[in-house]
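To start, the structure itself, in structure tokens.
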């Protein structure tokens, strides 16, 4: 069930009132579905969007879009219904800095607000008018960091114990780099980027100053070269035979 009103165009301009409209339309959809088949599964997919009021064009990567999505996610939880909305859309035409901050802020708010299903989380550019494979590769790093924030801070007797601090500071080397606790948490407490660069400036220069988008292109080509068939060969042959669709 999708509402997909666009605040300032096909939905009211106030963020709160645009959420009211999206929720009302989807609730009406839930009633309609249940009148046809009681209990039939449905996703409360409010899908709110926003307009750039200077032009009337959709803006998928704005802060207002992030707030609309987060607000609708909270309403999904209020009604106890599985919900979905869009996040991770960017207005940028290329996987550049603008794309990064827009994908980051909208996905982060969607995750922290408890959205069940995130549509368009990576790869979508030009306010849904474009798609970029390299952006999928870069988006893997973005979503990894977002999901880490969603997981939150693990508070356990061990994680807040001062015993490890005493061991290092009073009887140990004075740093935590090689401690048992640090090594035990290296792959669970921390997330590391696959494409993102954390080299020192010296290492970066010695590595010929790698550029992020070039690394994403290289990784994309590696994936495509080793991916093999996406479909079962029999299914692939049947699709090619019966439909005028070109797969390369």
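In this note's numbering, the protein residues as written are 140 to 387.
For glycine and all other residues, C-beta sits at the position ideal for the given N, C-alpha and C.
The structure presented is a predicted model; accordingly, all values stated were derived computationally and were not measured.
Exercise. Mark residue 314 as exposed unless 16 or more other C-beta atoms lie within 10 angstroms of its C-beta, in which case mark it buried.
Key: exposed
Exercise. Taking residue 270 as the reference, give the member of 306, 229 and 248 with the closest Cα.
Key: 229
Quiz item: In this structure, what does DSSP give as the bridge partners for residue 263?
Solution: 270
Quiz prompt | Anticipated Cβ contact below 8 Å, residue 249 with residue 212, distance rounded | solution = 7 Å
Exercise. Would you kindly work out how many angstroms separate the C-alpha atoms of residue 245 and residue 309, rounded to a whole number?
Key: 44 Å
Quiz item: Which word fits residue 208, buried or exposed, when buried means at least 16 other C-beta atoms lie within 10 angstroms of its C-beta?
Solution: buried
Quiz item: Would residue 215 be called buried (16 or more neighbouring beta carbons within 10 Å of its own) or exposed?
Solution: buried
Quiz item: Within 8 Å (strictly less), CB to CB, does residue 271 reach chain C?
Solution: Any reference to chain C falls outside this structure, which holds one protein chain only.
Exercise. Taking 8 Å as the threshold, find out whether the segment 252-266 comes into contact with the segment 341-357 through three or more Cβ pairs.
Key: no
Quiz item: Residues in its own chain within less than 7 Å of residue 191 by CB, not counting five upstream and five downstream?
Solution: 198
Quiz item: Leaving out five residues before and five after residue 281 in sequence, what residues of the same chain have Cβ atoms less than 6 Å from its Cβ?
Solution: 242 and 243
Exercise. Can you check DSSP and say which residues form a bridge with residue 188?
Key: 145
Practice problem: Give me the Cα-Cα distance between residue 378 and residue 260, rounded to the nearest whole angstrom. | Solution: 28 Å
Practice problem: Since I believe residue 276 is in contact with residue 359 (beta carbons under 8 Å), could you give me their beta-carbon distance rounded to a whole number of angstroms? | Solution: 5 Å
Exercise. Sort 318, 285 and 142 by Cα distance to residue 302 and report the nearest one.
Key: 318
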